[in-house]
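Here the sequence shown stands for residues 1 to 383, where the numbers follow the UniProt record's numbering.
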Amino acid sequence: MAGSWLLGPDAGSLGERPTAVLVAVRGEDGTADSGPGSETSLAELRRLADTDGLSIADALVQSRPRPDPATFVGSGKVDELAALAERSHADLVIADGELTPGQVRNLEERVGVRVVDRTALILDIFAEHARTSDGRVQVELAQIAYQLPRLRGDGRSMSRVGGGRMAGGAGMGVRGPGEMRLETQRRTLRERATRLRRNASELARRRERTRNRRARNQVPSVSITGYTNAGKSALLNRLTGADAQVRDVLFATLDPTVRRISTGDLTYTITDTVGFVRHLPHQLVDAFRSTLDEVSRSDLALHVVDACAPDALGQITTVHGVLHEIGAGDVPELLVLNKIDVAPSEWVDALCRAHPHAIPVSARTGAGIDHLRDELAQRVRHS
1 MAGSWLLGPD AGSLGERPTA VLVAVRGEDG TADSGPGSET SLAELRRLAD TDGLSIADAL
61 VQSRPRPDPA TFVGSGKVDE LAALAERSHA DLVIADGELT PGQVRNLEER VGVRVVDRTA
121 LILDIFAEHA RTSDGRVQVE LAQIAYQLPR LRGDGRSMSR VGGGRMAGGA GMGVRGPGEM
181 RLETQRRTLR ERATRLRRNA SELARRRERT RNRRARNQVP SVSITGYTNA GKSALLNRLT
241 GADAQVRDVL FATLDPTVRR ISTGDLTYTI TDTVGFVRHL PHQLVDAFRS TLDEVSRSDL
301 ALHVVDACAP DALGQITTVH GVLHEIGAGD VPELLVLNKI DVAPSEWVDA LCRAHPHAIP
361 VSARTGAGID HLRDELAQRV RHS
């Protein structure tokens, strides 16, 4: 369920499933199949909103070369968006892209409801799904990094500069009480971030000690990576008999789950990690970098692909981009095409032609799992 961090201080007075309107800007050439504002990106934004417990009333898309620097969409579309939000009794507007603080402020003034962007929505989902202290620390750090440059005063009283008899008669140019409150908020957030970074550093040291023990014991490691909702946790359960949470929502797994696999005389660890998504917020990549190090330090990356996703090839490209960003681009990869029990056979065939060494499996039915286990053992043994 969407929280007050996304919905604002009035979250408690909203309905059980708040209503949202989506807004996007699509390039006029229409060539970007997965960029912001595309059909693929907008469909994913709908799934993100649904995962966060929001009901989508409608969507507005404008074709223009680039977002308007003041209001994201053009002035005429802002009026149309305001009418759409009023007609659908929307509680908030979600933009398919990252908004500047000025764009948020201008849109809220003209539309009359709370406005958030794709990044804020993803951060709210992460906050809801983080279970361990490590995950909560990293999510809160990402939220603070996002929130600090976006702090603004509450109306004119928060941004007013003192003068005359204000601020004890100190004269012109002195900050008023509202501005002082804003500075207090900034200082409080910075102090909180400092404490969280200390906690995160200690947790990172613990993970490093665990990795060093595995290295000393010469235990190879495999990291399961891939797009969110590709079935990574289900595959971990099928391979190891684990009981990792499996849900048909985006970002169901944030906290790494490590299990051991023994095949004959070979023993290795396999780790389920956080899934990726298009336009993954940099705040999250930075905050989860120590967790994502599990992938860069592993001997093999088990890249799980949702074979029944219409944009599976685009998802593969997205995951490769994030892996390069976190320094895991050179880790050997084994591509696994999951969900072949529900994917159209022609889609699976096309993916196999594009990636001839990929292994088709179904974590739900067990099809192809024996072949995958054999391939894993062979790849790990020679890593």
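For each residue, glycine too, the CB sits at the ideal point set by N, CA and C. Quick caveat: nothing in here was measured; it's all calculated off a predicted structure.
- Distances from the CA of P18 to each of A85, T71 and V258 were compared; the closest alpha carbon is that of A85.
- Beta-bridge pairing by DSSP links D306 to N338.
- DSSP lists D68 as the bridge partner or partners of F72.
- DSSP places V116 in the strand class (E or B) of the three-state scheme.
- Of the other Cβ atoms in all chains shown, 16 or more fall within 10 Å of the Cβ of E294; this residue is therefore buried.
- For Q62, the pairing in a beta bridge is given by DSSP as V25.
- In this structure, DSSP gives S221 an extended state, which the three-state scheme calls strand.
- Looking from the CA of D58, the closest CA among A363, V361 and E80 belongs to E80.
- The residue among L203, A204, G321 and D124 with its C-alpha nearest the C-alpha of D50 is D124.
- Counting along the chain, Y227 sits inside no alpha helix (DSSP H), nor does DSSP assign it H or E at all.
- Per DSSP, T318 is not a residue of any beta strand (DSSP E); the alpha helix (DSSP H) it occupies stretches across A312 to E325.
- When the beta-carbon positions are compared, D306 and A377 stay at least 7 Å from each other.
- Two segments are said to touch when three or more pairs of C-beta atoms, one from each, lie closer than 8 Å; by this definition the stretch 219-236 touches the stretch 295-305.
- Fewer than three beta-carbon pairs drawn from the stretch 270-283 and the stretch 184-191 are found closer than 8 Å, and the two stretches are therefore not classed as touching.
- Between the stretch 37-46 and the stretch 56-73, the count of C-beta pairs closer than 8 Å reaches three or more; the two stretches touch.
- Contact between I369 and L239 holds, since their C-beta atoms are separated by about 7 Å, short of 8 Å.
- Looking at G27, A127 and A120, the one whose alpha-carbon comes closest to that of R150 is A120.
- Around the Cβ of D349, a 10 Å sphere holds fewer than 16 other Cβ atoms; the residue is exposed.
- Of all C-beta pairs linking the stretch 62-78 to the stretch 21-28, three or more are shorter than 8 Å, placing the two stretches in contact.
- If you draw a straight line from the Cα of E16 to the Cα of L6, it comes to about 15 Å.
- In the three-state reduction of the DSSP assignment, T271 falls in the strand class.
- If you compare the alpha carbons of P310, G275, S383 and C308 with that of G321, the shortest gap goes to G275.
- Counting along the chain, S262 sits inside no alpha helix (DSSP H); it lies in the beta strand (DSSP E) bounded by residues T257 to T263.
- Collapsing the DSSP output to three states places E16 in coil.
- The C-alpha of A200 is placed about 20 Å away from the C-alpha of R213.
- Within a 10 Å sphere around the beta-carbon of D265 sit fewer than 16 other beta-carbons, which makes this residue exposed.
- Non-local C-beta neighbours of H89 in its own chain, meaning closer than 7 Å and more than five positions away in sequence, comprise T19, ordered along the chain.
- A57 carries a strand assignment under DSSP once its states are collapsed to helix, strand and coil.
- Close CB contacts of Y146 within its chain, under the 8 Å cut and outside five residues either way in sequence, are with T119, A120, L123, P281 and Q283 (chain order).
- Counting only the Cα atoms, G112 lies some 11 Å from V78.
- N106 sits away from A142, with the two beta carbons spaced by 7 Å or more.
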